[in-house]
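Enquirer:
Protein chains: 2
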Amino acid sequence: MPNMEISLEALRRRTGVKWTDYPEDVIPAWIADLDFPVAEPIKQAVNDVMAREDFGYIARDAQLKLAQAYSERMQARCGWKPDPELTQSFGDLIQALRAAVATFSDAGDGIVIQTPIYHPFLDIVSEMERLLVDNPMQVGPQGYAVDVEGLKRSVTSDTRMLLLCNPHNPTGRVLTRRELEQIASIAIKNDLIVVSDEVHSDLVFPGQAHIPIASLSPAIAKRTITLSSASKAFNIAGLKCALMHFGHADLMHRHLDGFHPRLLGPPNVFGIEATLAAWRNGDDWLAALLEQLDRNRNRISEVLSERAPEIRYFQPEASFLAWLDCTSLELDSAPYDFFLEEARVGLSDGREFSSYTDHFVRLNFATPGPVLDEILDRMMTAVANRRRRAG
Amino acid sequence: MPNMEISLEALRRRTGVKWTDYPEDVIPAWIADLDFPVAEPIKQAVNDVMAREDFGYIARDAQLKLAQAYSERMQARCGWKPDPELTQSFGDLIQALRAAVATFSDAGDGIVIQTPIYHPFLDIVSEMERLLVDNPMQVGPQGYAVDVEGLKRSVTSDTRMLLLCNPHNPTGRVLTRRELEQIASIAIKNDLIVVSDEVHSDLVFPGQAHIPIASLSPAIAKRTITLSSASKAFNIAGLKCALMHFGHADLMHRHLDGFHPRLLGPPNVFGIEATLAAWRNGDDWLAALLEQLDRNRNRISEVLSERAPEIRYFQPEASFLAWLDCTSLELDSAPYDFFLEEARVGLSDGREFSSYTDHFVRLNFATPGPVLDEILDRMMTAVANRRRRAG
Numbered sequence: 000m001p002n003m004e005i006s007l008e009a010l011r012r013r014t015g016v017k018w019t020d021y022p023e024d025v026i027p028a029w030i031a032d033l034d035f036p037v038a039e040p041i042k043q044a045v046n047d048v049m050a051r052e053d054f055g056y057i058a059r060d061a062q063l064k065l066a067q068a069y070s071e072r073m074q075a076r077c078g079w080k081p082d083p084e085l086t087q088s089f090g091d092l093i094q095a096l097r098a099a100v101a102t103f104s105d106a107g108d109g110i111v112i113q114t115p116i117y118h119p120f121l122d123i124v125s126e127m128e129r130l131l132v133d134n135p136m137q138v139g140p141q142g143y144a145v146d147v148e149g150l151k152r153s154v155t156s157d158t159r160m161l162l163l164c165n166p167h168n169p170t171g172r173v174l175t176r177r178e179l180e181q182i183a184s185i186a187i188k189n190d191l192i193v194v195s196d197e198v199h200s201d202l203v204f205p206g207q208a209h210i211p212i213a214s215l216s217p218a219i220a221k222r223t224i225t226l227s228s229a230s231k232a233f234n235i236a237g238l239k240c241a242l243m244h245f246g247h248a249d250l251m252h253r254h255l256d257g258f259h260p261r262l263l264g265p266p267n268v269f270g271i272e273a274t275l276a277a278w279r280n281g282d283d284w285l286a287a288l289l290e291q292l293d294r295n296r297n298r299i300s301e302v303l304s305e306r307a308p309e310i311r312y313f314q315p316e317a318s319f320l321a322w323l324d325c326t327s328l329e330l331d332s333a334p335y336d337f338f339l340e341e342a343r344v345g346l347s348d349g350r351e352f353s354s355y356t357d358h359f360v361r362l363n364f365a366t367p368g369p370v371l372d373e374i375l376d377r378m379m380t381a382v383a384n385r386r387r388r389a390g
Numbered sequence: 000m001p002n003m004e005i006s007l008e009a010l011r012r013r014t015g016v017k018w019t020d021y022p023e024d025v026i027p028a029w030i031a032d033l034d035f036p037v038a039e040p041i042k043q044a045v046n047d048v049m050a051r052e053d054f055g056y057i058a059r060d061a062q063l064k065l066a067q068a069y070s071e072r073m074q075a076r077c078g079w080k081p082d083p084e085l086t087q088s089f090g091d092l093i094q095a096l097r098a099a100v101a102t103f104s105d106a107g108d109g110i111v112i113q114t115p116i117y118h119p120f121l122d123i124v125s126e127m128e129r130l131l132v133d134n135p136m137q138v139g140p141q142g143y144a145v146d147v148e149g150l151k152r153s154v155t156s157d158t159r160m161l162l163l164c165n166p167h168n169p170t171g172r173v174l175t176r177r178e179l180e181q182i183a184s185i186a187i188k189n190d191l192i193v194v195s196d197e198v199h200s201d202l203v204f205p206g207q208a209h210i211p212i213a214s215l216s217p218a219i220a221k222r223t224i225t226l227s228s229a230s231k232a233f234n235i236a237g238l239k240c241a242l243m244h245f246g247h248a249d250l251m252h253r254h255l256d257g258f259h260p261r262l263l264g265p266p267n268v269f270g271i272e273a274t275l276a277a278w279r280n281g282d283d284w285l286a287a288l289l290e291q292l293d294r295n296r297n298r299i300s301e302v303l304s305e306r307a308p309e310i311r312y313f314q315p316e317a318s319f320l321a322w323l324d325c326t327s328l329e330l331d332s333a334p335y336d337f338f339l340e341e342a343r344v345g346l347s348d349g350r351e352f353s354s355y356t357d358h359f360v361r362l363n364f365a366t367p368g369p370v371l372d373e374i375l376d377r378m379m380t381a382v383a384n385r386r387r388r389a390g
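Listed in order, the protein sequences are those of chains A and B.
Heads up: the first sequence at position 5 corresponds to 4 in numbering that gives the first Met the number 0, and the numbers run straight through without jumps.
Heads up: the second sequence at position 297 corresponds to 296 in numbering that gives the first Met the number 0, and the numbers run straight through without jumps.
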């Protein structure tokens, strides 16, 4: 069984943004890093590059190998076989998203997004002067769902693209076949280009299954660009390696006309080798990770129902992000500020995810049990103290 | 003294393009990899990242640190202090070159290049439908020089940019202050944007000094983009980390208007840490490298003058590339093909470097003495055999 134990001290020695952005008395639970040891196959891959001293110009077929590994993994996990020849690789997903928006839309064009959403989606739309066509996720007693009727209504003749995030960040929803079929049908009917960020797809909990939207039919595939990377599930965001799969050669040629592969830049040798190792040999580690994440999502439910039932939380179906609606806490400030000041926990601020989610925070629970317990205890204590002060 | 010894067997275990592109009986001496052990400070940096398990999202100030290290190094080595706030980092130089050409010129605009040149310069100009304004290097009995009078004549009102490569690849020339001043004066007079690829600047042999063209005056700085990377001198091309310095804020803003930093993508954690280690702690290794390269450039002179004086070779003033004029060998085929077929040595083909250098080859001599001797012996034997057959 892979070791998932790591101490807070070891985590604090990490020099990435998660562990350096706040003062030492704050426990960070924001950006989508995992607080777990790196998977052994990835360490082995890095060591192998070191041993061979393979620091020079990368082999010609490296990017194709990456595309093949992706295709094999998708076939094994989802029964979908993306053509490696229609797959480009580069540094990260945000690059790909920007490139796709630039290639397939113009300033002023409408772009559909299901908010709340990982903020780079919103940044790209506003910075590139596209029109945000907001199709907020609906919330019911069972959790979040795509508002299909709202989607039908909001798409107009000026709408060019639909940016999907599935599994959805921050709600943790794994879209069902039914939801995806409805979205695909609307995309086809309205001639939309779909960009589907599926970077969380390796992190689906038992009971759900990830379905790549491009796998539904040739009709949706030919208008879909699927983005993926081992960066989230295997915690290698700093290694910069991601893939962009085009469901049809025409799409890829339009992309390549706009962006020469050398402009976006190929991934680096460590990113490539770590990704290959993760996808080929990382599944034991991934299983151990999912067990820990499953325990953690349950733990959050237990603690909240016991100590702060006012916070609305639907267990995510994938990934490691708890999307917490703190409206009923009736705080005087945004819950992000409240928990930072009163609990010394650094969450992600709901204000980043839409214009209407200022009463939300996103908690990254990819952390060992004791650290999560400390985070939750700090948050619950702050809520209790405030209750006392208010009462 | 850093170890520069490495066996042919260890080199053949490398999986990059240099050692995998030809059959095993060919010795590769083409792409600008170094056949030397990786510098210890770089290995240490990679090991440190591993030990801290720093594979996640990179610290916010990582790119600024890189820019500061570059600025400090330039100040120490060239007395030039590029502003870190006007320096962007990304994957590789070719990205930057493409981005600069896209930002500062339009299709049909003239772009001056001193041929022969590292082929991506030519590819970028032709693929982006710019007009190649060719200003060939002049050759005299002492070697290559910039044709300043030719440059004056060739620049017209349609010329927008001048792409400089200094030290020059493939001739190995380190441009003199006088040459650079003349080029700068023409650039200023004709309102040209200058992109100066200075990636070989750490590899200047004793007797010459690298002068960044942007260091000459504020007037030339404000129109100059300087490109650099530790990739060539420290053999980390596969780690993908390069810098783009803008001599004025206006230039950088024009660039950022065209290319959001997230579109070109930030460098990865290993590229950043390896570059910092190389620039801060790599100078002992660099000195050992230059000693070996100096011996090798002399060795080539000795062997050629003894065994093939028909091949014209001027010792490079920087780097590890011998630009060999084989015209007087009067071969029936291109020397690239001849030496590949008859000597089983894989050189770079002169045809890649200009339309008129089909009788040239470029020999990468960054290899241990015994390997270079084997390369030269194979080449000289092939020349002798041909002489015998012809005679």
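Note that beta-carbon positions come from the ideal geometry of N, C-alpha and C, so glycine has one too.
Model, not experiment: these values are computed from the prediction.
Would the segment 257–272 of chain A count as touching the segment 217–227 of chain A if we require 3 or more Cβ pairs under 8 Å?
Expert: no
Enquirer: Output the distance between the C-alpha atoms of A248 (chain A) and Q67 (chain A), rounded to the nearest integer angstrom.
Expert: In the first sequence, counting from the first residue as 1, residue 248 (chain A) sits at position 249. In the first sequence, counting from the first residue as 1, residue 67 (chain A) sits at position 68. When rounded, the distance between both Cα atoms is 17 Å.
Enquirer: Could you tell me whether the Cβ of V414 (chain A) comes closer than 7 Å to any Cβ of chain B?
Expert: The requested residue 414 (chain A) does not occur in the structure, where chain A is confined to residues 0 to 390.
Enquirer: Can you name the residues that DSSP bridges to T223 (chain B)?
Expert: In the second sequence, residue 223 (chain B) corresponds to position 224, counting from 1. Looking at the DSSP assignment, T223 (chain B) forms a beta bridge with B:V193.
Enquirer: Kindly confirm or deny that the segment 46–64 of chain B and the segment 251–259 of chain B touch, where touching means at least three C-beta pairs closer than 8 Å.
Expert: Because the criterion of three Cβ pairs below 8 Å is not met, the segment 46–64 of chain B and the segment 251–259 of chain B do not touch.
Enquirer: Express the C-alpha separation of E180 (chain B) and L323 (chain B) in angstroms, rounding to a whole number.
Expert: Position 324 of the second sequence, counting from 1, holds the residue named residue 323 (chain B). Position 181 of the second sequence, counting from 1, holds the residue named residue 180 (chain B). Those two C-alpha atoms are separated by around 28 Å.
Enquirer: What does the alpha-carbon distance come out to for the pair L285 (chain A) and E71 (chain A)?
Expert: Position 286 of the first sequence, counting from 1, holds the residue named residue 285 (chain A). Position 72 of the first sequence, counting from 1, holds the residue named residue 71 (chain A). Rounded to the nearest angstrom, the two C-alpha atoms are 17 Å apart.
Enquirer: Please confirm if the segment 80–93 of chain A is in contact with the segment 224–234 of chain A, defined as three or more CB-CB distances below 8 Å between the two stretches.
Expert: yes
Enquirer: Indicate the three-state DSSP secondary structure (helix, strand or coil) for I212 (chain B) in the structure shown.
Expert: On the second sequence, residue 212 (chain B) is found 213 positions in, with the first residue counted as 1. I212 (chain B) falls in the helix class under three-state DSSP.
Enquirer: For the beta strand (DSSP E) holding H244 (chain A), just list the boundary residues, first then last.
Expert: Sequence index remark: in the first sequence, residue 244 (chain A) carries index 245 (1-based). Unbroken beta strand (DSSP E) run through H244 (chain A): A241 to F245.
Enquirer: Can you list, in chain order, the residues of its chain with a C-beta nearer than 7 Å to that of V16 (chain A)? Leave out the 5 residues immediately preceding and following it.
Expert: Position 17 of the first sequence, counted from the first residue, corresponds to residue 16 (chain A). Same-chain partners within the cutoff: I30.
Enquirer: Which residues in the same chain have their Cβ closer than 7 Å to the Cβ of A95 (chain A), if we skip the five residues on either side of it in sequence?
Expert: Here the question's residue 95 (chain A) lines up with position 96 in the first sequence. Once the five neighbours on either side are set aside, the close Cβ partners of A95 (chain A) are F89, L226, A241 and M243.
Enquirer: Listed in chain order, which residues of the segment 255–267 of chain B have Cβ atoms closer than 9 Å to some Cβ of chain A?
Expert: Within the segment 255–267 of chain B, the residues whose Cβ lies closer than 9 Å to some Cβ of chain A are F258, H259, R261, L262, L263, G264, P265, P266 and N267, listed in chain order.
Enquirer: Using alpha carbons as the reference points, say which of A:D376, A:P266, A:L375 and A:G368 lies closest to S6 (chain A).
Expert: On the first sequence, residue 6 (chain A) is found 7 positions in, with the first residue counted as 1. Closest option to S6 (chain A), Cα to Cα, is A:G368.
Enquirer: What in chain B is Cβ-close to R12 (chain A), meaning under 7 Å?
Expert: As a first step, residue 12 (chain A) is located in the first sequence; it is residue number 13 there, counting from the start. Neighbours of R12 (chain A) on chain B, chain order: R51.
Enquirer: Quick check on this structure: which residue in A:G107, A:I212 and A:P135 has the alpha carbon closest to the alpha carbon of E126 (chain A)?
Expert: Counted from its first residue, the first sequence places residue 126 (chain A) at position 127. Checked all of A:G107, A:I212 and A:P135; the closest Cα to E126 (chain A) is A:G107.
Enquirer: Output the boundary residues of the alpha helix (DSSP H) element that contains L7 (chain B).
Expert: Taking the first residue of the second sequence as position 1, residue 7 (chain B) is located at position 8. L7 to R12 is the extent of the alpha helix (DSSP H) around L7 (chain B).
Enquirer: Taking the alpha-carbon of E351 (chain A) as reference, which of A:D82, A:P169 and A:P140 has the nearest alpha-carbon?
Expert: The residue you call residue 351 (chain A) lines up with position 352 of the first sequence. Considering only alpha carbons, the answer is A:P169.
Enquirer: Starting from the Cα of M379 (chain A), find the closest Cα among A:M49, A:D105 and A:R343 and give me that residue.
Expert: One-based indexing of the first sequence puts residue 379 (chain A) at position 380. Comparing Cα-Cα distances from M379 (chain A) to each of A:M49, A:D105 and A:R343, the minimum goes to A:R343.
Enquirer: Would you be able to state if there are at least three C-beta pairs under 8 Å between the segment 183–192 of chain B and the segment 289–306 of chain B?
Expert: no
Enquirer: So, using beta-carbon positions, are L130 (chain B) and M160 (chain B) closer together than 7 Å?
Expert: As a working mapping, residue 130 (chain B) is identified with position 131 in the second sequence. As a working mapping, residue 160 (chain B) is identified with position 161 in the second sequence. Contact: no.
Enquirer: Within the continuous beta strand (DSSP E) that includes G142 (chain B), where are the two ends?
Expert: Along the second sequence, one-based indexing puts residue 142 (chain B) at 143. Taken as a continuous stretch (DSSP letters only), the beta strand (DSSP E) holding G142 (chain B) covers G142 to A144.
Enquirer: Closer than 7 Å, Cβ to any Cβ of chain A: which residues of the segment 35–67 of chain B, in chain order?
Expert: P36, V37, K42, V45, M49, R51, E52, D53, F54, G55, Y56, I57, A58 and R59
Enquirer: Does A236 (chain A) get closer than 7 Å to chain B when you measure Cβ to Cβ?
Expert: Locating residue 236 (chain A) in the first sequence gives position 237, where the first residue counts as 1. Judged by the 7 Å Cβ criterion, A236 (chain A) is in contact with chain B.
Enquirer: Contact criterion: CB-CB distance below 7 Å. Does D293 (chain B) meet it with respect to chain A?
Expert: By one-based count along the second sequence, residue 293 (chain B) stands at place 294. So no, D293 (chain B) is outside the interface.
Enquirer: Counting only the same chain and skipping the five closest in sequence on each side, list residues whose C-beta sits under 6 Å from that of P61 (chain B).
Expert: Start at 1 with the first residue of the second sequence, and residue 61 (chain B) comes out as number 62. Checking the displayed sequence, the identity of residue 61 (chain B) turns out to be Ala instead of Pro. Correct list, in chain order: I271.
Enquirer: Check whether the Cβ of I30 (chain A) lies closer than 7 Å to any Cβ atom in chain B.
Expert: Numbered from 1 along the first sequence, position 31 holds the residue referred to as residue 30 (chain A). At least one chain B Cβ lies under 7 Å of I30 (chain A).
Enquirer: From W79 (chain B) to I224 (chain B), what distance separates their C-alpha atoms?
Expert: For the purposes of this step, residue 79 (chain B) is taken as the residue at position 80 of the second sequence. For the purposes of this step, residue 224 (chain B) is taken as the residue at position 225 of the second sequence. Going from the Cα of W79 (chain B) to the Cα of I224 (chain B) covers about 14 Å.
Enquirer: List the residues of chain A that I93 (chain B) touches, going by C-beta distances under 7 Å, in chain order.
Expert: Taking the first residue of the second sequence as position 1, residue 93 (chain B) is located at position 94. Within 7 Å Cβ-Cβ: R261.
Enquirer: When Cβ atoms are compared, which residues of the segment 264–290 of chain A fall closer than 7 Å to chain B?
Expert: G264, N267, V268, F269 and G270
Enquirer: With distances taken between CB atoms, is the gap from E309 (chain B) to L328 (chain B) smaller than 7 Å?
Expert: Taking the first residue of the second sequence as position 1, residue 309 (chain B) is located at position 310. Taking the first residue of the second sequence as position 1, residue 328 (chain B) is located at position 329. Taking 7 Å as the Cβ cut-off, E309 (chain B) and L328 (chain B) qualify as a contacting pair.
Enquirer: Identify the residues that DSSP records as bridge partners of C420 (chain A): which are they?
Expert: The question about residue 420 (chain A) has no answer, for chain A in this structure spans 0 to 390.
Enquirer: Between which two residues does the beta strand (DSSP E) holding I41 (chain B) run?
Expert: Residue 41 (chain B) sits at position 42 when you count from the first residue of the second sequence. Where I41 (chain B) is concerned, there is no enclosing beta strand (DSSP E), although the alpha helix (DSSP H) it sits in stretches over E39 to R51.
Enquirer: Note down, in chain order, each residue of its chain lying with its Cβ closer than 6 Å to the Cβ of Y461 (chain A), except the 5 sequence neighbours on either side.
Expert: Residue 461 (chain A) lies beyond the range of chain A shown here (0 to 390); nothing can be said about it.
Enquirer: Hey, out of B:D348, B:P27, B:K64 and B:E4, whose CA is closest to V37 (chain B)'s CA?
Expert: Locating residue 37 (chain B) in the second sequence gives position 38, counting from the first residue. Nearest option by C-alpha distance: B:E4.
Enquirer: Using a cut-off of 7 Å between C-beta atoms, extract the partners of T19 (chain B) located in chain A.
Expert: Residue numbering aside, residue 19 (chain B) sits at position 20 when the second sequence is read from its first letter. The answer, in chain order, is A58.
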